[in-house]
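Asks:
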Amino acid sequence: MDKNTIIGLVLMGVVLVVFSLLGRPSKEELELRQRYADSVALAAQTEERAMADSIDRIATEDSLRRSATLAQYTPAERDSILTAQAAEAFGPFATAAHGREQTFTIANDSLSVTLSTKGGKPISSEILGYKDYQGAPVRLIRPDDSHFNLTLFTSGNRVVRTEDLYFVGEQVSPTQVKMSAMATNGSSLTLVYTLLPKYLIDVTIVGTGDFKSVMAPNSPFLDAEMSLSIYKNEKSEQAEQRYSGMAYEFTDGDVDKFDTGKSVDKELTNEVKWVAFRDMFFSTIVYSRNRLGTLAASQEVIKGDPEKLKEMEAKFVLPFDGTQPISLQIYSGPNDHTLLKSLDKDLGDKTHLTEVIDMGKWFRFITVWVVLPVFNFLEKYISNYGLIIILLTLIIKLILAPFTYKSFKSQAKMRVIKPLVDEINAKYPGEDKMMERNKATMQLYQNAGVNVMGGCLPMLLQMPILIAMYQYFPTSLNLRGESFLWAQDLSTYDDVIRWGADIPMIGDHISLFCLLMTVTQIIYMRLTQSGTAGGDQQSACMMKAMPIFMSVFLFFFLNNNASGLSLYYFASLLISILQTKAFQWAIDEKKLFAQLQENARKPKKKKQSGFMERLERAQKEQMKKLREQQQKNGR
12 MDKNTIIGLV
22 LMGVVLVVFS
32 LLGRPSKEEL
42 ELRQRYADSV
52 ALAAQTEERA
62 MADSIDRIAT
72 EDSLRRSATL
82 AQYTPAERDS
92 ILTAQAAEAF
102 GPFATAAHGR
112 EQTFTIANDS
122 LSVTLSTKGG
132 KPISSEILGY
142 KDYQGAPVRL
152 IRPDDSHFNL
162 TLFTSGNRVV
172 RTEDLYFVGE
182 QVSPTQVKMS
192 AMATNGSSLT
202 LVYTLLPKYL
212 IDVTIVGTGD
222 FKSVMAPNSP
232 FLDAEMSLSI
242 YKNEKSEQAE
252 QRYSGMAYEF
262 TDGDVDKFDT
272 GKSVDKELTN
282 EVKWVAFRDM
292 FFSTIVYSRN
302 RLGTLAASQE
312 VIKGDPEKLK
322 EMEAKFVLPF
332 DGTQPISLQI
342 YSGPNDHTLL
352 KSLDKDLGDK
362 THLTEVIDMG
372 KWFRFITVWV
382 VLPVFNFLEK
392 YISNYGLIII
402 LLTLIIKLIL
412 APFTYKSFKS
422 QAKMRVIKPL
432 VDEINAKYPG
442 EDKMMERNKA
452 TMQLYQNAGV
462 NVMGGCLPML
472 LQMPILIAMY
482 QYFPTSLNLR
492 GESFLWAQDL
502 STYDDVIRWG
512 ADIPMIGDHI
522 SLFCLLMTVT
532 QIIYMRLTQS
542 GTAGGDQQSA
552 CMMKAMPIFM
562 SVFLFFFLNN
572 NASGLSLYYF
582 ASLLISILQT
592 KAFQWAIDEK
602 KLFAQLQENA
612 RKPKKKKQSG
622 FMERLERAQK
632 EQMKKLREQQ
642 QKNGR
């Protein structure tokens with residue numbers, strides 16, 4: 012790029028900035044626009060309220076007129092009129108348009124479900140053995156805030172919704188209820204709810220009698236709808252919002268999840284196997300061996316409500332011609348990886364219900380194949396999960412110990428050889444001798460046997476583990492409700508210090524395990540920096556401030572996170588400090604320096620590593636270009 016082009020681009024930028032400043036509206040204009048927008052919004056809200064009031068008034072007046080009109084007739088005549096109206100609206104299901112609501116309960120050792128004859132639907136599901144953060148039972152389906160409906164198309168081009176019908180209920184057994192919506196031809200739409208092990212509700216949809224004649228021709232399907240709300244079950248609303256949302260799996264095995272922080276509305280063109288209403292530790296999952304067809308799903312993030320977090324809805328299609336029964340399964344239970352994995356095996360068809368649990372994507376395999384098996388093994392012998400976390404940390408540190416020692420020794424070599432590096436820097440001062448200086452330094456490292464990349468391997472090995480732990484601990488059902496020392500629940504923060512006001516980035520508390528982790532991090536980073544030579548005074552000050560800055564950043568990042576995660580990092584740092592002290596005792600830096608000096612004087616002939624070879628080639632090429640440029644400028 013030549014000088015004229017650069018000048019032109021700069022001038023264009025200046026012109027754009029000047030015009031944007033000149034064209035910017037004044038403060039008065041901005042206030043005027045804002046007042047106008049506010050007035051338009053207020054007018055729209057007023058119009059909406061007026062329209063809603065008008066609709067309510069018309070509906071009330073219409074209801075009063077009908078009541079006044081019906082009052083003119085005898086009871087028999089009124090029944091006849093209501094029957095005719097029901098026949099017009101519900102067609103073959105006119106007899107099911109009126110009735111009395113009854114409730115039935117099916118229960119086993121793990122789940123209790125309440126069913127209503129109005130709509131033939133579940134209105135409550137209580138997970139036994141689990142409590143919310145206030146000690147109340149965990150309910151995933153709640154009365155008056157859940158919705159389950161089947162829409163069928165009947166003869167006469169009528170659309171009938173099961174939520175408008177009254178079913179006849181029958182308690183077959185403590186774990187089974189049968190509900191039937193009777194048709195005028197003697198057939199019925201029957202829903203059989205059976206409570207199975209593993210928190211499963213089986214819903215069998217059957218058309219009895221000549222039900223096929225009830226359905227419209229060329230409409231062999233049911234439109235199904237289910238909606239429910241996510242209520243606050245955990246101590247940290249922020250964490251529960253972050254890990255709750257819709258999820259679904261396509262027939263090709265690809266699992267997708269809604270952005271948990273946004274309100275989303277999607278219509279999918281591909282068929283799905285299942286759809287899940289996910290909470291942080293519990294989920295309601297709907298799936299069918301008949302497949303769910305295409306899916307329309309939505310979630311709305313609720314703000315300002317102290318209890319409700321999200322509203323979710325799913326619409327899907329079930330194949331049903333009235334002659335063959337179809338089955339729908341609803342899982343209403345905990346996000347237990349072992350349990351969901353067993354359900355995957357039961358279902359077959361390469362189903363991935365375990366993906367409901369949010370354990371990250373890229374390093375999920377570490378959690379599944381390493382962390383969970385170790386956790387499951389240790390919990391057979393140890394009941395305290397705080398001790399399990401510490402033992403897990405110790406096991407990981409012992410596995411990485413050989414690599415950590417190699418890294419520490421490599422850093423020690425870099426540290427003790429620095430006087431020789433300083434001699435090279437003094438021999439080749441200035442930028443014009445940078446290439447010679449770098450070449451001599453790399454040659455020194457090679458002759459002395461110093462691997463400049465040797466200190467990076469343990470960090471590269473530990474980073475995926477640290478990330479996997481960060482993703483696992485907040486959603487680990489094993490830690491939910493488990494205490495250790497002062498932490499009452501390892502799945503959430505341990506707010507030993509708490510105040511009323513909410514402070515940005517910190518919240519209304521200080522997590523003690525997080526605070527201990529922060530202090531230990533500062534000590535560890537200072538320890539690893541001790542003995543390192545540090546250039547000028549400014550660089551030395553920056554090196555001293557870096558541990559504090561990084562540790563404070565981690566404190567803000569983890570203060571609202573699971574105390575089990577902070578405990579893991581805290582234990583990991585303590586073990587790292589002990590390892591560092593042990594390595595410092597084991598490595599005699601004076602002997603190491605003498606050995607490196609001897610190696611530098613009598614270098615062994617050995618094949619260079621691929622990295623060093625490529626680096627040397629790049630340096631030679633750069634030096635060649637630099638000499639050519641100097642010769643060209645000298646002309």
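In short: position in the sequence shown from 1, add 11, done, that's my numbering. Note that CB positions come from ideal geometry on N, CA and C, so glycine has one too.
Between the alpha carbons of Pro317 and Lys555, how many angstroms are there, rounded?
Replies: Those two C-alpha atoms are separated by around 44 Å.
Asks: How should Thr133 be labelled, buried or exposed, when 16 other C-beta atoms within 10 angstroms of its C-beta is the threshold for buried?
Replies: The sequence shown places Pro at residue 133, rather than the Thr named in the question. By the 10 Å Cβ count, Pro133 comes out buried.
Asks: Rounded to the nearest angstrom, how far is the Cβ of Gly304 from that of Val328, given a contact under 8 Å?
Replies: The Cβ separation is near 3 Å, so the contact holds.
Asks: Looking at C-beta atoms only, is the number of pairs between the segment 261-275 and the segment 337-349 that lie closer than 8 Å three or more?
Replies: No: the two stretches stay apart, fewer than three of their Cβ pairs being nearer than 8 Å.
Asks: Three or more beta-carbon pairs under 8 Å between the segment 476-490 and the segment 381-399, yes or no?
Replies: Judged by Cβ distances under 8 Å, the segment 476-490 makes contact with the segment 381-399, as three or more pairs qualify.
Asks: May I ask whether a heavy atom of the ligand NAP can be found less than 8 Å away from the beta carbon of Pro384?
Replies: Among the components modelled here there is no ligand, and therefore nothing to report on the ligand NAP.
Asks: Who are the near neighbours of Phe712 in its chain, counting only those whose CB is closer than 7 Å to its CB and skipping five residues on each side?
Replies: Summary: the structure shown does not reach residue 712, with the chain confined to residues 12 through 646, and so no result is reported for it.
Asks: Output needed for Glu632: all residues of its chain with C-beta closer than 8 Å, excluding positions within five of it in sequence on either side, in chain order.
Replies: Same-chain partners within the cutoff: there are none.
Asks: Could you tell me the distance, in whole angstroms, from the CA atom of Val507 to the CA atom of Ser522?
Replies: When rounded, the distance between both Cα atoms is 6 Å.
Asks: Quick one: which unbroken alpha helix (DSSP H) runs of 4-plus residues sit fully inside the segment 530-599? Chain order, please.
Replies: If we require 4 residues or more, the alpha helix (DSSP H) runs fully inside the segment 530-599 come out as 548-569, 574-597.
Asks: Considering only their Cβ atoms, is the gap separating Val427 from Phe604 smaller than 9 Å?
Replies: In this structure, Val427 lies closer than 9 Å to Phe604 by Cβ.
Asks: Quick one: what does DSSP say His520 is sitting in, helix, strand or coil?
Replies: It is a strand residue.
Asks: Should Phe376 go down as buried or exposed, given a rule of 16 or more other Cβ atoms within 10 Å for buried?
Replies: The residue in question, Phe376, is exposed, as its Cβ has fewer than 16 Cβ neighbours within 10 Å.
Asks: Following the continuous beta strand (DSSP E) through Gly140, name the residue where it begins and the one where it ends.
Replies: Per DSSP, Gly140 belongs to the beta strand (DSSP E) from 132-142.
Asks: Counting only runs of 4+ residues fully inside the segment 369-433, write out the alpha helix (DSSP H) ranges in chain order.
Replies: For the segment 369-433, whole alpha helix (DSSP H) runs of length 4 or above, ordered along the chain, are 383-389, 396-427.
Asks: Taking the alpha-carbon positions, what's the Phe386 to Thr365 distance?
Replies: Distance between the alpha carbons of Phe386 and Thr365: 17 Å.
Asks: Measuring alpha carbon to alpha carbon, tell me which residue in Asp505, Thr128, Ile212 is nearest Val179.
Replies: It is Thr128.
Asks: Looking only at C-alpha atoms, which of Ala118, Asp234, His348, Arg111 sits nearest to Thr192?
Replies: The amino acid at residue 192 is misidentified as Thr; the sequence shows Ala. Cα-wise, what sits closest to Ala192 is Arg111.
Asks: Return the residue from the list Pro336, Glu322, Pro384, Phe288 that minimises the CA-CA distance to Asn346.
Replies: The option with the nearest alpha carbon to Asn346 is Phe288.
Asks: With DSSP run on the structure shown, which of helix, strand or coil describes Ala287?
Replies: Ala287: strand per DSSP, three-state reduction.
Asks: Let me check understanding here. Comparing Cα to Cα, which of Ser255, Arg300, Met480 lies closest to Ala573?
Replies: Among Ser255, Arg300, Met480, the Cα nearest to that of Ala573 is on Met480.
Asks: How many Å lie between Pro228 and Val283 at the Cα?
Replies: When rounded, the distance between both Cα atoms is 26 Å.
Asks: What is the DSSP secondary structure of Asn168, counted as helix, strand or coil?
Replies: It is coil, neither helix nor strand.
Asks: Please state whether DSSP places Gln457 in a helix, a strand or coil.
Replies: Gln457: helix per DSSP, three-state reduction.
Asks: Write down the C-beta distance between Ser247 and Thr271 rounded to the nearest angstrom, noting that I regard them as a contact closer than 8 Å.
Replies: The pair is not a contact, with the Cβ atoms about 14 Å apart (cut-off 8 Å).
Asks: Among Lys314, Ile401, Ser299, Leu405, which one has its Cα closest to the Cα of Asp355?
Replies: The candidate whose alpha carbon is nearest that of Asp355 is Ser299.
Asks: Any chance you could list the beta strand (DSSP E) runs of at least 3 consecutive residues sitting entirely within the segment 266-351, in chain order?
Replies: Within the segment 266-351, the complete beta strand (DSSP E) runs of at least 3 residues are 266-268, 275-289, 293-298, 305-312, 319-330, 337-345.
Asks: Quick one: Cα of Leu472 to Cα of Ile598, how far?
Replies: Distance between the alpha carbons of Leu472 and Ile598: 23 Å.
Asks: Sorted by chain position, which residues of the same chain lie with C-beta nearer than 6 Å to Thr378's C-beta, five sequence neighbours on each side aside?
Replies: Excluding sequence neighbours, Thr378 sits near Met370, Ala479, Tyr483.
Asks: Using 8 Å as the cut-off, can you tell me whether the segment 148-164 makes contact with the segment 182-192, which would need three or more C-beta pairs spanning the two stretches below that distance?
Replies: The segment 148-164 vs the segment 182-192: no contact.
Asks: Is the separation between the beta-carbon of Glu322 and that of Ser238 shorter than 9 Å?
Replies: Against a cut-off of 9 Å, the Cβ pair of Ser238 and Glu322 comes out as a contact.
Asks: Which value, in whole angstroms, describes the spacing of the CA atoms of Thr16 and Lys636?
Replies: Here Thr16 scores only 44 on pLDDT, less than 50, and its place in the model should not be relied on; the value that follows carries that caveat. So the alpha carbons of these two residues sit roughly 26 Å apart.
Asks: I believe Ser199 touches Gly220 by the beta-carbon criterion, under 8 Å. Please report the beta-carbon distance rounded to the nearest angstrom.
Replies: 7 Å between Cβ atoms; contact.
Asks: Are there three or more Cβ pairs, one per stretch, closer than 8 Å when the segment 200-210 is compared with the segment 107-121?
Replies: Result yes; three or more Cβ-Cβ pairs closer than 8 Å.
Asks: Which same chain residues end up closer than 7 Å to Arg448 when comparing Cβ atoms and leaving out the 5 residues on each side of it in sequence?
Replies: Counting only Cβ-Cβ distances below 7 Å, and skipping sequence neighbours, we find Ile435, Asn436, Tyr439.
Asks: Taking the alpha carbon of Ser353 as the reference point, which residue from Leu211, Ala512, Ser309, Glu236 has its own alpha carbon closest?
Replies: The residue with the shortest Cα to Cα distance from Ser353 is Leu211.
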